[in-house]
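These notes concern the structure reproduced below.
Number of protein chains: 4
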Amino acid sequence: MIFKMIKSEGIAHHSYFLGAEGKAAVIDPRRDVDVYLDLAQDNDLQICYIFETHRNEDYVIGSVELQKAAGGEIYHGSQFDFDYGNPVYENDKFRLGGLELEVLETPGHTKESLSLVLWDVSVSSVAQMVFTGDVIFAGETGRIDFYGTRNRPQMAEFLYNSLFKKILPLGEQVILCPAHGAGSVCGADIREQDYTTAGYEIKTNHQLQLSKEEFIKEKSEEDMYYPPYFKKMEELNQKGAPLLNRLPFLRPLSPLSFKNLKNEGFQVLDVRKPTSFAGGHIKGSLNIWRDGVSAFAGWFLNYQDPILIVDDSNPIRDKMQRALIRLGYDNLYGYLRGGFPSWYLQAEDVETIKLHTVQQLHKRLFNDDFYLLDVRKIVDRKKGFIEGSKHIYAGLIPQRLDEIHRNQEIVVYCDSGYKSTMVASYLLQNGYQNVGSVLGSMRAWIKASYPVVQSK
Amino acid sequence: MIFKMIKSEGIAHHSYFLGAEGKAAVIDPRRDVDVYLDLAQDNDLQICYIFETHRNEDYVIGSVELQKAAGGEIYHGSQFDFDYGNPVYENDKFRLGGLELEVLETPGHTKESLSLVLWDVSVSSVAQMVFTGDVIFAGETGRIDFYGTRNRPQMAEFLYNSLFKKILPLGEQVILCPAHGAGSVCGADIREQDYTTAGYEIKTNHQLQLSKEEFIKEKSEEDMYYPPYFKKMEELNQKGAPLLNRLPFLRPLSPLSFKNLKNEGFQVLDVRKPTSFAGGHIKGSLNIWRDGVSAFAGWFLNYQDPILIVDDSNPIRDKMQRALIRLGYDNLYGYLRGGFPSWYLQAEDVETIKLHTVQQLHKRLFNDDFYLLDVRKIVDRKKGFIEGSKHIYAGLIPQRLDEIHRNQEIVVYCDSGYKSTMVASYLLQNGYQNVGSVLGSMRAWIKASYPVVQSK
Amino acid sequence: MIFKMIKSEGIAHHSYFLGAEGKAAVIDPRRDVDVYLDLAQDNDLQICYIFETHRNEDYVIGSVELQKAAGGEIYHGSQFDFDYGNPVYENDKFRLGGLELEVLETPGHTKESLSLVLWDVSVSSVAQMVFTGDVIFAGETGRIDFYGTRNRPQMAEFLYNSLFKKILPLGEQVILCPAHGAGSVCGADIREQDYTTAGYEIKTNHQLQLSKEEFIKEKSEEDMYYPPYFKKMEELNQKGAPLLNRLPFLRPLSPLSFKNLKNEGFQVLDVRKPTSFAGGHIKGSLNIWRDGVSAFAGWFLNYQDPILIVDDSNPIRDKMQRALIRLGYDNLYGYLRGGFPSWYLQAEDVETIKLHTVQQLHKRLFNDDFYLLDVRKIVDRKKGFIEGSKHIYAGLIPQRLDEIHRNQEIVVYCDSGYKSTMVASYLLQNGYQNVGSVLGSMRAWIKASYPVVQSK
Amino acid sequence: MIFKMIKSEGIAHHSYFLGAEGKAAVIDPRRDVDVYLDLAQDNDLQICYIFETHRNEDYVIGSVELQKAAGGEIYHGSQFDFDYGNPVYENDKFRLGGLELEVLETPGHTKESLSLVLWDVSVSSVAQMVFTGDVIFAGETGRIDFYGTRNRPQMAEFLYNSLFKKILPLGEQVILCPAHGAGSVCGADIREQDYTTAGYEIKTNHQLQLSKEEFIKEKSEEDMYYPPYFKKMEELNQKGAPLLNRLPFLRPLSPLSFKNLKNEGFQVLDVRKPTSFAGGHIKGSLNIWRDGVSAFAGWFLNYQDPILIVDDSNPIRDKMQRALIRLGYDNLYGYLRGGFPSWYLQAEDVETIKLHTVQQLHKRLFNDDFYLLDVRKIVDRKKGFIEGSKHIYAGLIPQRLDEIHRNQEIVVYCDSGYKSTMVASYLLQNGYQNVGSVLGSMRAWIKASYPVVQSK
């Protein structure tokens, strides 16, 4: 038996590859499917089954791509109208040699969500593993807010029943294989733990200790964000995404070509770290640090205008293509060859951002007059903030821009200085003049023992 | 948290790599330690702890090699006198960021055997995983026969207590991480399943259903083989094996050089498949098919005479070096460049072996006069055999050679035709003249529905 | 400047990748274009120019594939009517930063053949390199027989003029970059030497020492074979081959599926070495050893019936796909999972071939009655053969099968035993009963000092 | 025949690997010898000969390391007293199958320098290639200043004779394989061209157009720098460098550990780009951008104090280890885990550098009072500079520090802004207070059409 968890960083997505006796199944494949093709060919397996635990909102699923490349049938839940693949129903069974996968319908996160139970027929009917999609994660359960505020209690109840009538009754011994790990937008606070078991969650997962009523109440009140790109994902995953065949070829561009394309309205994404970006960047560029692209591109980039990348030097092979095509950004076009230095070597204009250390911020806090903006998640804000700061979540800045006055100095902070520099770059893009960001932000502020307040 | 199971094929050894917040632990490292160094450097981890669950008999452990390359302290059980490293005791604890590893003394397989329990301090004291060494495997428990027949019941009782008083009380939820998978010589019949849990074993493992008395009786009566190379492993693992630094450079040899070295007494190991070897080979060579080298080299090869490899063409990079140095065969010397064809292209002598299909064997069975030799494991023999065959386990042929008369035709069979061709090559090496092997052997025999008998 | 020679083994094809200041050119790309895409992305180059030195006959060119994946314009000679790309003419120039490529029209091998001269504009107009396509190779010149016997002298004269009026006048210093290396079917006897210079060839290439008349005579009389697949290549390379996008997924097949497909008329290609194949194989399979597939598939396999592969174990990743798709065999289907052993483990029928050592052949030569068949190239036959043997070149066996009587023992030999076993397998496929092959063949025969005769 | 040029970036060193018929030769191996071992094992070659064209000054040679790992004999020139290996003499010959390597004694760069001529015995005695060490490069000849000013004319004459009596007489056709490419410190101005020929150099290399007298004069007057680390290289390469066995394990360090070690006197090397470093860095760190480490570490780092690395994030695997151990920096210790952001997240002190765009510099040039320092090579300075600037070559700053007054603002420029930021960091390390660097420096200055002056 071959069992592999494939982690897609950034979106913190976990897909799974199972093989036995010449046959393979893939659960929730991502769009860049080379990893599954390699596993199949390296292990002499024919891909027979491609399962989708649910219609995903946070990334483009690769089922159609994988089927085209290697064959196999696509299966998903029956409670949603997909344009491709086959519906499956409670207790449908699929064989891989001596292994059996059985379908459990487990709505809650979405209506058509399903889980797949794995056992070894030659051993016993005790479940070895269960692939839970977004029903349960390590230390968390799936978000239930996709059908509007009014339907939250209903979906929460579905989820409770899926957990307590389907998943947990499989027994404490069963290994849980969820579709996401720590950092995903599909669960509020997923623990960093690759493998967990029903028993471990029963004993440690806070939400499983609640009564049904408490559970429904808590889930219904969760503060979750809904980035605008989710709509695009839902559409693509309903229809089946266009074929990639290969990772897109990322065009290396001279400073001159780059400048011309920028002037034509291409989107410029600078993926450097805060100190690099602040030290000098191209006017009009948006800064999202490399590892933040998966989480924030969907809040700031559109799907029409071609995207240009700026990095410290040439971008690391494949990484940016994968991050963006997983979010459906097939409008990725090229990058500044040689990185940002090639720009200033041409004597082109360079813009900077003022970086504040926490020591400097602390000194200025009650002496100077500026607008202090906290762009962290609301859950983090609630735990405490710097006195005098206003709060708008980073992702919501574009839609709440008019709350920020232009005729003042603006200083942005977040958890660490990454998101704040991203927001600062967005403000500059939108014509704000005097914008700064706080290096280290709340983590450094707390480390330096500066005061934190809470709203009453 | 980084968690990786590293499988060493052939010896079916599982080692583990754990990392969190800049620190890493390795459990039961193999001797070719590049895989752990890569994991550490790729994930920006300092190797701090190197654990040995017990003094191994079936492979050379890489603790000293790893420590030399990357630092860290070596820890093992206190009930054996190692020449290196540090003893640990019940409930000793080790931290990796928020994770904690705790020592359980779990004798049975050996006296100094220990297990390591993992939990996440920030979550709860419920155990997430336990690294069990050779205490328990998927569907099996560790062999207990290393201290002589007389001590078997005593060791079996230790094992029973380790299981029922230490491992299973951790709870059904705990994921078991044993030191071996299917195919290992350290458990009689390990299931092919990478991850199991205490709960799954409690519900499905036959041995855990027994009473203490039944358990001790069954374990004491297990038929396990003890290959001669175990003595060498025990010695190396007591002292700490000599440093490799790199995989040995495998010398490509011309047919002429090869012939000269062979005449000087070098051991010739032909790693081709039965049909290739039977179709033509160098007189005096021993045949162990590539994937059988880990299991059978230790029965047939000595540690003094340098070893020469023959393959179909040039051997696949690294594979043979790794297989042999893991068994301590640092006397691996070189290989026939260009593979076996370069031999006959020089018009050198070629020897063949008669291959019988099961159809041919069936026809001859009661008409012709020959010595039919079954070289399977005793457990397989007991399930049924071809009428008229004698039984000697393949590995024991060298020490029971005088039971096989020389003035007769000999036909060898096993499960599939691999071990039988290996034994046939050994017989030819030792002066037998008329030796054949059965293609497909028992698997094909049964597939063809030919009769099988059992001894009463 | 980036300069890479990319060797495609088997077809002994050399393509070239050139890059400077962000732009790249590829000369004669193969169909599996991943290597060029990797070079371009790893070196931050945009592929701008794709050159074809001529319409190839011996492999499928990857120009269209490469253009689709990475952009760039395709250029080729104007004297042939291609369905894609752009014609170029004498002295057309292309820039890559400070480098310049200039077109020379150099007919002879084909009418539209061209060469590309490279120099560094910033240094001088002295030529650094010239990409000669099939005009000149190390120690050889291109074959000129593609337009029929009657046109040979004309084409030979074109070639002479291309050499003496275009290539050699570039100066002794110029490095020659031909489209083929040793082993190609596009030159009679190419030397094994990666890089040569005009000066080195002027001083050592036999053909460059001849007068124009001698040159035309010698080239016109060359014995070159024309495999049937050349027609297919010409057609594909005129139109532009269908897109691959990815290497085809090679389906792993169980013995049962394999048997069923074979019975439906799929072609079975066994790629094992002579001793393996002779020791046992599936009835009806054709044997071409792995490294011989590029040279001989085109003589024996058709483009309609799907192709199934048998190897010793599972085939080595990618290798067979690449070898076959380069020849246009998009009808490659799958392989026997587990290799040949999985066949006999099912107790399926096994066929063998009698292998003769040269010692055995020598003993039987004048005592026994059998048909001794020499399948080497005619040029090798002319240098000497075994007395009493008949000659038919291996590739021509299918069309000259009726010259070989069926009611006799047939023993085939070649240079080494590979081609003879291939021919033996073809004879068995076609109903011949008593067929053998000579291990080591002429190389071993000569090594053993057995007599060789020549025809008068 | 296998022929590979192995480029070591940074030091722009070219070593060569040659193989034929099972035997290999390596010319001027670097210290991290894995690349040669891989080539040998992948191509089934035994390493027989290891040649050193001369005792190198600019990197640690890997002859002893390679011999230890794979066998073979080491050979070098007889005119220097090495502690290892064997001397060779004019016309000594070495065979690799049909290839022959012949020694030519070619002093000039050093007294014991030798070249190796390659030909194919089976073809003719015309030379195919010559490995010239530091005698001649593409567009350059070797520096001759290592024996003091007084001996320059003598060494230049040796070089002239080596060129005109040994190398060039081999014929225009011979391919030259020098030990360095563009960017090396061993030739004043090497062209970026991987392969050249004697004919091409005769026609284009300026120095080969000179009379003997002119040649000696020009070579004797070359401005070459001699970094302090050359002494260390000479010593190691005379004795044979200590064995590495593996690349050193680079320790990931928490900010706290890092700070403690820094306080103990460890050297801190920040390898980020100018904008990153200027935007924020650890006080007391030296900035050498990644690709500049090979060229500049030897001017600024000592061999006693352990070295700590700071990068934007975790350093790219292997790259820094290889760059530093090639220069003998076995005192490389570890790196700041998580890169520079982990520093400011701990609220540790952050220092910045003022970056000037050329526009800003131009505006301030005649208005403000500051010390403008040009740190380019003397050859570049001579071509023109910014009015009012003083000149000290970057590498010489440590020994000429007292020429720079402390009580003033200092603005440093170079070609591009990399070396100037390096020097600025060095000045800060040494107690200067008000230090800036010019982004883009001369390249941007010229691009912006600002005025350049020349000294009379």
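Protein chains in written order, with the working numbering: chain A, 631 to 1086; chain B, 631 to 1086; chain C, 631 to 1086; chain D, 631 to 1086. Ideal placement from N, C-alpha and C gives every residue a C-beta, glycine not left out. These numbers come from a predicted model, not from an experiment.
Looking at the DSSP output, Arg660 (chain D) bridges to D:Ile691. Exposed is the label assigned to Ser752 (chain D), since fewer than 16 other Cβ atoms lie within 10 Å of its Cβ.
Exclusion of the five residues before and after Ser906 (chain C) leaves Asp942 as the residues of its chain whose Cβ lies within less than 7 Å of its Cβ. In the structure shown, the three-state DSSP call for Glu864 (chain B) is helix.
Between Phe724 (chain A) and Tyr679 (chain A), the C-beta gap is smaller than 7 Å, which places the two residues in contact. DSSP places Ala1074 (chain B) in the helix class (H, G or I) of the three-state scheme. With respect to the 7 Å criterion, Ala828 (chain D) and Val804 (chain D) are classified as neighbours on the basis of their beta carbons. Taking a C-beta distance under 7 Å as the contact criterion, Tyr965 (chain C) and Ile946 (chain C) do not qualify as a contact pair.
At a cut-off of 7 Å between C-beta atoms, Tyr830 (chain D) counts as an interface residue with respect to chain C. In this structure, Leu744 (chain C) sits near Thr736 (chain C), with a CB-CB distance shorter than 7 Å. For Arg947 (chain D), at least one C-beta of chain B is nearer than 7 Å to its own C-beta.
Looking only at C:Asp1032, C:Ser1067, C:Arg967 and C:Met950, the smallest Cα-Cα distance to Leu1003 (chain C) is reached by C:Ser1067.
If you draw a straight line from the Cα of Ser645 (chain A) to the Cα of Lys637 (chain A), it is about 7 Å long. Per DSSP, Asp1004 (chain B) lies in no alpha helix (DSSP H); the unbroken beta strand (DSSP E) holding it starts and ends at Tyr1001 to Asp1004. Residue-level contact by beta carbon holds for Arg881 (chain D) and chain B, with a gap shorter than 7 Å. Per DSSP, Asp900 (chain A) is one residue of the beta strand (DSSP E) stretching across Gln897 to Asp900.
When C-beta distances to chain D are compared with 7 Å, the residues of the region 666 to 677 of chain B below that value are Leu667, Gln671, Asp672, Asp674, Leu675 and Gln676, in chain order.
Among the residues facing chain C, Gly909 (chain B) is included, as its CB has a counterpart in that chain under 7 Å away. Along the region 894 to 981 of chain B, the beta strand (DSSP E) occurs as fully enclosed runs of 3 or more residues at 897 to 900, 937 to 940 and 962 to 966, listed in sequence order.
Within the same chain, Tyr1001 come within 6 Å of Gln1038 (chain B) by CB-CB distance, once the 5 residues on both sides are set aside. Between Asp960 (chain B) and Gly895 (chain C), the alpha-carbon positions lie close to 50 Å from each other. When Cβ-Cβ separations below 7 Å define contact, Glu732 (chain C) makes no contact with chain D. For Glu831 (chain D), the enclosing alpha helix (DSSP H) covers residues Ala828 to Thr834. Counting only the Cα atoms, Thr834 (chain C) lies some 51 Å from Ala670 (chain A).
Measuring C-alpha to C-alpha distances from Gly738 (chain B) to each of B:Leu886, B:Ile766 and B:Ser755 identifies B:Ile766 as the nearest. Using a Cβ-Cβ cut-off of 7 Å, Ala699 (chain A) is close to Arg876 and Phe879 of chain C, given in chain order. By the neighbour-count definition (other C-beta atoms within 10 Å, threshold 16), Ser1079 (chain D) is an exposed residue. Taking C-beta separations shorter than 7 Å and ignoring five residues to either side along the sequence, the partners of Trp1075 (chain D) in its chain run Val988 and Ile1016, following chain order. When the Cα atoms are used, Phe970 (chain D) and Gln976 (chain D) turn out to be separated by approximately 11 Å. Closer than 7 Å at the C-beta level to chain C, one finds these residues of the region 793 to 813 of chain D: Gly801, Glu802, Gln803 and Ile805.
For Arg920 (chain A), the nearest beta carbon of chain C is not closer than 7 Å to its own beta carbon. Counting C-beta pairs with one atom in each stretch, the region 680 to 696 of chain C and the region 655 to 668 of chain C have three or more that are closer than 8 Å, which means they touch.
Counting of Cβ neighbours within 10 angstroms places Ile1008 (chain A) among the exposed residues, the total staying below 16. Restricting attention to alpha helix (DSSP H) runs no shorter than 4 residues, the region 728 to 795 of chain A encloses them at 782 to 791, ordered along the chain.
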